[in-house]
Amino acid sequence: MIDTPVPDIEERMRALDPGHSFIVQAPAGSGKTGLLIQRYLMLLNQVDSPEEVVAITFTRKAASEMRKRILSALDQVDRDPLNDHDRRTQELARSVLKRDLQEGWQITENSGRIRVQTIDSLCAGLTNQMPMLSRFGSQPEIVEDAGELYLEASRSLIGLVESRDSLAEDVERVLDHLDNDVSRLERLMVDILSRRDHWLRHIHGRNRDDLESSLKITRRDAMERVLSLYGTHDSRELIEITRYAVANLSSSGRASPILGCDGMAQTPGSQESDLVRWCGLAELLLTGEGSWRKQIDIKIGFPPGTSKSEKEVSRLWKDRLTVMIGEMGGNDLLRQSLNQLRSLPPPSYTDSQWEVLGSITRLMPHAVAHLKIVFQSRGRVDFTEVSQAALMALGSPDEPTDLALALDYRIRHLLIDEFQDTSISQYELLSRLTAGWEEGDGRTLFVVGDPMQSIYRFREAEVGLFLRARENGIGNLSLRPVSLSANFRSQGGIVDWVNQTFSEVMPEREDISSGAVPYTPSTATHERLPGSAVHIHPFFDDDHFSEAERIVQIIRNLQSDEPESTTAILVRSRGHLREILIHLNEAGIRFRAIEIEGLGHRPVVQDLASLTRAIIHPADRMAWLAVMRAPWCGLTIADLHLIAADPSNPKLFVPPPTLWELINDEDILSRISADGRARLQRLRVVMGGCIANRYRSSLRSMVEGAWTLVGGPACVTDATDLADAKSYLDYLESNEETGSIPDLSLFERGLEKLFALPDLGAPENLQIMTIHKSKGLEFDHVIVPGLGRLSRNNEKKLFMWMEIPRSSDRQDLEGEGSDLLMAPIQETGLTGDPIYSWIEKLDSDKSHFEDQRLIYVASTRARRRLHLLGSAPLGRDQDGVVLKAPPRKSLLSKIWPVSSRYYEESISDPERVKKISSEETTSRGGLIDQSLRRLSSGWKLPTPPDPVEWAPPTEISSSQNKVEYSWAGEAARHAGSVVHRWLERIAEDRLEGWSVSRLDHLKDTFKQNLIECGVSGDDLEIAIGRVITSIKYSITDPRGRWLLGPQSEAQNELRLTGLIDGRRMDLVIDRTFLDKDGNRWIVDYKTSSHTGSDLEEFLDREQERYREQMDRYSAIMRRTDRHPVMIGLYFPLIGGWREWSGGHGHDVG
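Going by numbering that gives the first Met the number 0, the first residue of the sequence shown is number 0, and it counts up by one from there.
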């Protein structure tokens, strides 16, 4: 065993101190989960009950993974440790098992005592315990997407405009502000209700004076920031230069902000009257875009002069300004702060602004009240409501409820993972859970996260909360900071590149209000691999086609050189994948796309959705056109035109005929082709039955039945299409009411949020997902395309708000406090509201910093190689092609300081710069298959199979599927059943966490299983021994570990139904999987025992005994799987194995 030195081992050991609370910053690849597990095990040794230690994560997947790793640590105490980390974990686990034995916890048998849960499940548990205080009563259903509920509440509130309610005037004013666009107001309210935990606390008790005071403070703080940054520069020199510029501008009559500096005798201060001078200086020093000024000319008061002496004087003044700007050029924070002064909000609201904002702030609490009524009537709530109810159940820090006091006694230690993704309501919940905790009282809080990986603002995550907790603690509880630095994931070359890049592009100083997080470097524990670790592939002028071609080339090379390696394509937005997916499909490269393609974008689902609309609304013209064009009907455009372009003269007040009526009009049908008439005939028969029987059965059964009868399943290309069709039908069933869909627009909006399944037949070593989805994952190779592209702009909010933390000299008594900025959306048709635009800019700055973190997350997923691809814009001047900086909101702009040289080198070679001609663009469009795929006009449903000979289930079961135990007693049969059950569980766990020592702890569980089966007396101990012996052999035997361990396309207890020799058979396969050679294995566990010397002869007899049964399994499996079939019998009790190739002797229907 060789241990790699861990550079931050002292910090890791300090974090295990059970007597103190910590906040741990754990960069990507630093092994934070391992540290969390060690801390958890350490704390278990300190408590009287395991329930006193609670670990909280933010996703069910993360909670499941942590629980599994804790159990695995407890199970693997007898294995040889691989390194010091494993040795330390084993030592802690042994101590836990010793305490477990002393206290009688039985923690391995009762894993539910390990409290690892999501924060949402914690909230739900709190509301369950205090239904009256939480005002929930019985526990409602928690929905992830509550858009339908928000919309219902919004419509209810907006509907007051027609009433005599006191709020009607406010609704009318807001509608008038939005040009009476009701649907837009609905959308804005839906969005704002989803974020109510952020703003609801702000709009109570706020008056105009308070908010305008915040505006003035914002302006003053901005000037003070510039003043502090400017302090080291020569103010007298700048004042003289400014006077020169002001004199020239005044004499020439030119208007300029610089004239605001007239009479300036000293550096401006931070009073309101000083702002005009600061803006003048900003105009003098900066360009309109905010960069340091390079061109100094007459526009800013530096005329060229006409005489020789005037020209010389002008040159001297220009040189002086150039020198001054050069001295300031290294101070980028000064440049940013100066530029910011030019867009500061005004110090007060206009009367019309305040009227609208007042109406909004009066309406929104009522919107929340309407939402609560909707929640109550529907019996469904969102996660925010659960969080708010949990806070209510806990009471306030000063007046805790009985539940809070009880939890204070029961929870001694809290561990929080991914703390950088905490929202405000979740932070408040943790504050109340730990209210009253103090250093040294035996209770601890341990939070782990990485502010550099905070990328979930769209889920209301606030990275500033991590920074605030590190600086001030949570409540009265101070947190000792720990910073990890070791990187156990990536090779040295990637770690070096990440350190160099992000230390340069991330901000130098952290800022809680804007979410600015400086970079913390990592130390590689893996050596640098030969060759380049990071490849930057430059492209130009949105050449997404060439990017896609390069990606195909990279993947082909990887599949050839490293076929076993894993690769991921990570994108910022799903919309950036269009060209890439087309090229991969054209190249025949299969992949797993994880939540990439919307379910509603799949052709099979679009066809089903059209069929649904046509059945619900026979007059839906677009739906019927889609149904007739779908592959099951496949009318040509010419025939569709003849049907849809009805030449009959429209009659006044008489609606035109529907397409359903037209395709039943013999005169219309006579005009179309014979092929078209044949295709329509099949459709008319099926749809006629549907329309005649609407509302008499469920909508799902009607749509599914019609789709089957018209040939929909015959049009799909693979099993993934069928799975997508089932997903749609399940969604349809969950939304229908009395055979219809109450609100089709809501139904379709919900469909847009569902994702198609990945290609079920594709290998797992090439995956495509968003960067957000990749968080927490790692791959050998990572490809990040589309860095030069922009994400979709978000819609304006009904009102903007922003909390600005106060400087230290203006904190309240608790050391906290903030100023609130708030503004209503600008009036429709008018230019941007300055206060709204300012808050929007502050929010954009937050997004800018988050985008830096987003590219960091993408880059740190790679273990071996990282490929970055993106297009930069080109311009032209007199010297030819000129490279331009990428758009500010692109990810490429975030790493431009270190990547621009690759683009400059590329354009220096004319052969590498390609301007895509219109002819090239046209030819590239040919990648999409435009051919019409459809069933033949004479297609018919397949002939149904012959009638099945019915036999009683007992007869089928006894003759075909029952494991024969005639040689043994009931105890042996029950022991075999228990062994089967546990081997299934072990296989589902992929052998993770299973060891011989764990079986010793499970002996009582096995005993209980057998007692439940009816085993008793002397047979019980014998049966327990058989179970333990069988399972112990299975998890230690190399063949058993091969059977039960990770395998491709593995399934356990797979149930199949088929016709064998004309009879229906229900079969259960114990274990099936694909091996690395592409063989489909069908394995049956046999718990037969044998005494005597001739074991091989016994196994041969058993093989013959079960051959016919296993060949039946093989025959049915071959109907759905084209891989070669291998059959195996595994005898764990006696260490036996028999295998043979799948037989072909049965007639399978």
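Even glycine gets a Cβ: it sits at the ideal position worked out from N, Cα and C. It should be emphasised that the depicted structure is a prediction, and the values quoted were computed from it without experimental measurement.
Nonlocal neighbours in the same chain, by C-beta distance under 8 Å from residue i, ignoring five residues either side
i, result
"leucine 476", "Ser20, Thr433, Trp436, Glu437, Glu438 and Leu444"
"isoleucine 141", "Asp119, Ala123, Arg379, Val380, Asp381, Phe382 and Val385"
"leucine 483", "Asp7, Glu10, Arg11, Val23, Gln24, Ala25, Pro26, Ser29, Gly30, Lys31 and Leu34"
"leucine 226", "Thr266, Pro267, Gly268 and Ser269"
"threonine 716", "none"
"aspartate 1120", "Arg1079"
Beta-carbon contacts of residue i that lie in its chain and below 6 Å, excluding the five residues immediately before and after
i, result
"glycine 760", "none"
"histidine 582", "Ala547 and Val551"
"glycine 675", "Leu634 and Asp638"
"methionine 131", "Here the model assigns methionine 131 a pLDDT of 45, short of 50, so the residue's position is not dependable and the matter cannot be decided."
"isoleucine 595", "Arg573 and Ile767"
"serine 430", "Ile473 and Gly474"
"leucine 159", "Leu166, Ala167 and Val170"
Reference residue i; option with closest CA among the options
i, options, result
"isoleucine 568", "Leu868, Pro1045, Glu826 and Asp606", "Leu868"
"tryptophan 993", "Thr1056, Tyr1032, Arg699 and Ser1015", "Tyr1032"
"leucine 40", "Phe798, Arg788, Leu70 and Lys60", "Leu70"
"alanine 986", "Gln419, Gln1046, Leu214 and Pro346", "Gln1046"
"histidine 1150", "Asp1003, Ile767 and Phe848", "Since the first residue shown for the chain is 0 and the last is 1148, residue 1150 is missing from the structure and cannot be characterised."
"glycine 530", "Ser564, Gln490 and Val504", "Gln490"
"arginine 183", "Glu794, Val312, Ala713 and Glu1011", "Glu794"
"alanine 61", "Gly1141, Lys774 and Glu578", "Lys774"
"arginine 479", "Leu15, Ile1081, Gly1141 and Ser1015", "Leu15"
"threonine 859", "Ile770, Tyr901 and Gln825", "Ile770"
"serine 899", "Ala884, Leu890 and Leu873", "Ala884"
"lysine 796", "Pro823, Ser790 and Lys772", "Pro823"
"isoleucine 535", "Arg508, Leu841 and Leu786", "Leu786"
"arginine 172", "Pro517, Glu763, Gly357 and Glu90", "Gly357"
"aspartate 510", "Arg989, Ala622, Asp495 and Gly463", "Gly463"
For residue i: DSSP bridge partner residues
i, result
"glutamate 802", "Leu819"
"glycine 1127", "Val1082 and Glu1138"
"glutamate 140", "Arg379"
"tryptophan 895", "In the DSSP output, where bridge partners are listed per residue, tryptophan 895 has none listed."
"leucine 476", "Ile473"
"serine 865", "Rather than serine, the amino acid found at residue 865 in this sequence is leucine. Paired residue(s): Val533 and Val781."
"serine 347", "Looking at the DSSP assignment, serine 347 forms no beta bridge with any residue, so it has no partner."
"phenylalanine 374", "DSSP lists no partner for phenylalanine 374."
Host alpha helix (DSSP H) of residue i (start-end)
i, result
"asparagine 1167", "The shown model of the chain, from 0 to 1148, leaves out residue 1167, and the question about it has no answer."
"methionine 681", "Note on identity: in this sequence residue 681 is arginine, with methionine being the wrong assignment. From DSSP, the alpha helix (DSSP H) with arginine 681 extends over 673–691."
"tryptophan 1041", "1037–1043"
"glycine 874", "Unbroken run through glycine 874 is the beta strand (DSSP E), 873–876; no alpha helix (DSSP H)."
"asparagine 247", "234–251"
"threonine 32", "31–43"
Cutoff 7 Å; reference residue i; Cβ partners in own chain excluding five residues on either side
i, result
"leucine 283", "Thr241, Ala244, Ile257 and Ile299"
"serine 545", "Phe538"
"glutamate 288", "none"
"proline 4", "none"
"valine 189", "Gly146, Tyr149, Leu150 and Ser153"
Residue interval of the beta strand (DSSP E) (run including residue i)
i, result
"isoleucine 535", "533–539"
"threonine 117", "114–117"
"methionine 621", "No beta strand (DSSP E) contains methionine 621, which is instead part of the alpha helix (DSSP H) from 620–628."
- Message: Does the region 767–784 come into contact with the region 864–884, if we say contact requires no fewer than three beta-carbon pairs (one atom in each stretch) closer than 8 Å?
- Response: With the cut-off at 8 Å, the region 767–784 and the region 864–884 touch.
- Item | contact_flag[the region 834–854, the region 449–459] where n(CB pairs < 8 Å) is 3 or more | Contact between the region 834–854 and the region 449–459 is present, because at least three Cβ pairs lie under 8 Å.
- Would you be able to state if there are at least three C-beta pairs under 8 Å between the region 1116–1136 and the region 1016–1029? Contact between the region 1016–1029 and the region 1116–1136 is present, because at least three Cβ pairs lie under 8 Å.
- Below 8 Å, can you find three or more Cβ-Cβ pairs linking the region 743–754 to the region 696–709? Contact fails: fewer than three Cβ-Cβ distances are below 8 Å.
- Message: Three Cβ pairs or more, each shorter than 8 Å: is that satisfied between the region 583–594 and the region 719–735?
- Response: Output reads no: the region 719–735 does not touch the region 583–594.
- Message: I'd like to know if the region 419–434 and the region 458–476 are in contact, where contact means that at least 3 CB-CB pairs between them fall below 8 Å.
- Response: Using a C-beta cut-off of 8 Å, the region 419–434 makes contact with the region 458–476, since at least three inter-stretch Cβ pairs fall below that distance.
- Query: Quick one: any contact between the region 1060–1077 and the region 1087–1105, if contact means 3 or more CB pairs under 8 Å?
  - Reply: Flag = no, the region 1060–1077 and the region 1087–1105 do not touch.
- Message: Below 8 Å, how does it come out for the region 217–227 and the region 260–275: are there three or more Cβ pairs, yes or no?
- Response: Judged by pairs of C-beta atoms under 8 Å, the region 217–227 touches the region 260–275, as three or more such pairs exist.
- Query: If we count Cβ pairs, one from each stretch, closer than 8 Å, do we get three or more for the region 65–80 versus the region 91–100?
  - Reply: In short, these stretches touch, since the Cβ pair count reaches three.
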